[in-house]
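Number of protein chains: 2
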Amino acid sequence: MGDRLRGAGLRRTPVRVAVLQRLAAARKPLAANDVIARLGPHTDAVTVYRTLNTLAEHNLLHRVRGEDGAWRYATTPPPATTAVPHGPDARPEHPHAHFVCDECGGVECLEELPVPPDLLRRNRLGRRYDVRCAEVVVHGTCPKCHD
Amino acid sequence: MGDRLRGAGLRRTPVRVAVLQRLAAARKPLAANDVIARLGPHTDAVTVYRTLNTLAEHNLLHRVRGEDGAWRYATTPPPATTAVPHGPDARPEHPHAHFVCDECGGVECLEELPVPPDLLRRNRLGRRYDVRCAEVVVHGTCPKCHD
DNA sequence: CGTCAATTGCAAGTCACTGGCATTTACAAA
DNA sequence: TTTGTAAATGCCAGTGACTTGCAATTGACG
Numbered sequence: 001m002g003d004r005l006r007g008a009g010l011r012r013t014p015v016r017v018a019v020l021q022r023l024a025a026a027r028k029p030l031a032a033n034d035v036i037a038r039l040g041p042h043t044d045a046v047t048v049y050r051t052l053n054t055l056a057e058h059n060l061l062h063r064v065r066g067e068d069g070a071w072r073y074a075t076t077p078p079p080a081t082t083a084v085p086h087g088p089d090a091r092p093e094h095p096h097a098h099f100v101c102d103e104c105g106g107v108e109c110l111e112e113l114p115v116p117p118d119l120l121r122r123n124r125l126g127r128r129y130d131v132r133c134a135e136v137v138v139h140g141t142c143p144k145c146h147d
Numbered sequence: 148m149g150d151r152l153r154g155a156g157l158r159r160t161p162v163r164v165a166v167l168q169r170l171a172a173a174r175k176p177l178a179a180n181d182v183i184a185r186l187g188p189h190t191d192a193v194t195v196y197r198t199l200n201t202l203a204e205h206n207l208l209h210r211v212r213g214e215d216g217a218w219r220y221a222t223t224p225p226p227a228t229t230a231v232p233h234g235p236d237a238r239p240e241h242p243h244a245h246f247v248c249d250e251c252g253g254v255e256c257l258e259e260l261p262v263p264p265d266l267l268r269r270n271r272l273g274r275r276y277d278v279r280c281a282e283v284v285v286h287g288t289c290p291k292c293h294d
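Structure (structure tokens):
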């Protein structure tokens, strides 16, 4: 999936491709640790940390904090048109809520639960606040941990 | 403010009282670090970490992750009636959104922006999900950092 | 094919927080 | 008031998730 890398102005390197593959294969957000584990002992952990940061900055990934404080990374769907901007300033295209299981710590994307757009209406806060985006995290017990 | 401690079934100790005071005086959520700094060098940092945990478990405090991954702690208003349950299982009484400034990292309670209650409707997710609570975090630039 | 900035890999560091354990203390009961 | 006891504290050392510095490597243009 070097297309997306090149589209974002990034070099297509083996580590980046492998990271994107692993994250796409896992259907849920993974901690850096999990990604490192799935890459085998041949890949340097520091490189993976840096790779995840880079990919997230360029909006090929998005990330959420797990309850343990570690980031979870997940792939973002490819942009609808090639004209959609990449880069650090781009907004997530389909901001959605996330689910955090309080039992197992697992994180899931709730694609079907969009972040309520009215949360971004600046006038809900003082006019002197510059609102950029909002996150919604739902806590509870996931099906796997259910009783 | 030992009343609240005793009400929660906790011992009234100098450290706990001091922590509650400092957090009440700051009108915004503080990182453990900030609390420690405001207590002077006479209080042990580990004790403060444990104290913050204890107070949060007993719902005298609530906490949010800052963008740096460190918890921010803020006092919760006293329960409306004395019959309101305390303890680890109690739900926050007035769940509200929080604001995180991407410039300075500061966190604020948006008491006037309640967490949309429909986020908790279980049927928005599969029926096998057990939804407990939801968090809303708004990102942007705070008045102090504005240009 | 060569050039060179972008990536990588490795060593060492930082930061927020936790665990273990001996000492002290709040507070209930005598 | 005194005492007994579990709960809190203080200190040391550890953990885990990153980050930083820097030299060696490499992808992708010309």
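These protein sequence lines map, in sequence, to chains A and B.
Our numbering puts the first sequence at residues 1 to 147.
Our numbering puts the second sequence at residues 148 to 294.
Every residue gets a Cβ at the ideal spot worked out from N, C-alpha and C, and that includes glycine.
Under the three-state DSSP convention, the category residue i falls into
i, result
"R121/A", "coil"
"R65/A", "strand"
"Y276/B", "coil"
"T190/B", "coil"
"A281/B", "strand"
Below-7 Å beta-carbon distance, residue i vs any chain A residue
i, result
"A184/B", "no"
"C251/B", "no"
"P176/B", "no"
"T288/B", "yes"
"L260/B", "yes"
"V195/B", "no"
"H241/B", "no"
"H293/B", "yes"
"R153/B", "no"
"D236/B", "Reliability of the predicted coordinates at D236/B is poor, the pLDDT of 47 falling under 50, and no value is obtained from them."
"P161/B", "no"
"V254/B", "no"
"V285/B", "yes"
Residue i: first and last residue of the uninterrupted alpha helix (DSSP H) it sits in
i, result
"D34/A", "32 to 38"
"A165/B", "161 to 172"
"G152/B", "According to the sequence shown, residue 152/B is Leu rather than Gly. That run of the alpha helix (DSSP H) goes 149 to 154."
First and last residue of the uninterrupted beta strand (DSSP E) at residue i
i, result
"R72/A", "71 to 75"
"V107/A", "107 to 114"
"A244/B", "243 to 248"
Local Cβ density within 10 Å of residue i, reported as buried at 16 or more and exposed below that
i, result
"H42/A", "exposed"
"V46/A", "exposed"
"A171/B", "exposed"
"T13/A", "exposed"
"C251/B", "exposed"
"E108/A", "buried"
"G69/A", "exposed"
"P176/B", "buried"
"A37/A", "exposed"
"R219/B", "buried"
"E111/A", "exposed"
is_contact[residue i, chain B] using C-beta, thresh 7 Å
i, result
"Y129/A", "yes"
"H98/A", "no"
"A134/A", "yes"
"V64/A", "no"
"R124/A", "yes"
"G69/A", "yes"
"P117/A", "no"
"V84/A", "At V84/A the pLDDT is 45, less than 50, meaning the model places this residue with poor confidence and gives no usable figure here."
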